[in-house]
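*Asks:* Counting in the working numbering, the sequence shown runs from 4 upward without gaps.
Dropping the structure in here first, questions after.
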Amino acid sequence: TDTPRDRLIGNDNSEGLTGEERAIALANAIREHSGASLGIAVHGIPEAEGSAENLARGDTYIVICDANKTEMRHVRSAGSGAPDRRRAAMYTFGALRQHLLKS
Numbered sequence: 004t005d006t007p008r009d010r011l012i013g014n015d016n017s018e019g020l021t022g023e024e025r026a027i028a029l030a031n032a033i034r035e036h037s038g039a040s041l042g043i044a045v046h047g048i049p050e051a052e053g054s055a056e057n058l059a060r061g062d063t064y065i066v067i068c069d070a071n072k073t074e075m076r077h078v079r080s081a082g083s084g085a086p087d088r089r090r091a092a093m094y095t096f097g098a099l100r101q102h103l104l105k106s
């Protein structure tokens, strides 16, 4: 598919990537394209079945990278509802806070 996400990391490079690999590629591409010192990507992959409203099952990968290291957090939820998005945002802010405290 030709999505902005795939164009950012390059369509040729995005085929066959796992969720973790795609999130890492996105964080690195964001950092490089923006010229920022940090790149942050949140990539969710919901499961096709077994989800309740606003409580989707799946995998979310949160990646924070700088020029020297890449840190990834895996969370077992991946919905587009407000509770899932709020949870992903909280995990992302927590990961960013930990990254900055280590720096």
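C-beta: ideal position from N, C-alpha, C; glycine also.
This one's a predicted model, so the numbers in the text were calculated from it and none came from an experiment.
For R76, name the three-state secondary structure that DSSP assigns.
*Replies:* strand
*Asks:* Alpha helix (DSSP H) containing D87: first to last residue?
*Replies:* A85 to K105
*Asks:* What does the Cβ neighbour count give for H46, buried or exposed, with the cut at 16 atoms within 10 Å?
*Replies:* Residue environment for H46: buried (at least 16 other C-beta atoms within 10 angstroms of its C-beta).
*Asks:* Are the CB atoms of L29 and A44 within a distance shorter than 8 Å?
*Replies:* yes
*Asks:* Taking the C-alpha atoms as reference points, what is the distance between Y64 and N31?
*Replies:* 14 Å
*Asks:* Report the three-state DSSP secondary structure of A44 (helix, strand or coil).
*Replies:* Note: A44 maps to strand in three-state DSSP.
*Asks:* In this structure, how does DSSP classify G61 when only helix, strand and coil are distinguished?
*Replies:* strand
*Asks:* Rounding to the nearest angstrom, what Cα-Cα distance links P49 and R88 in this structure?
*Replies:* 12 Å
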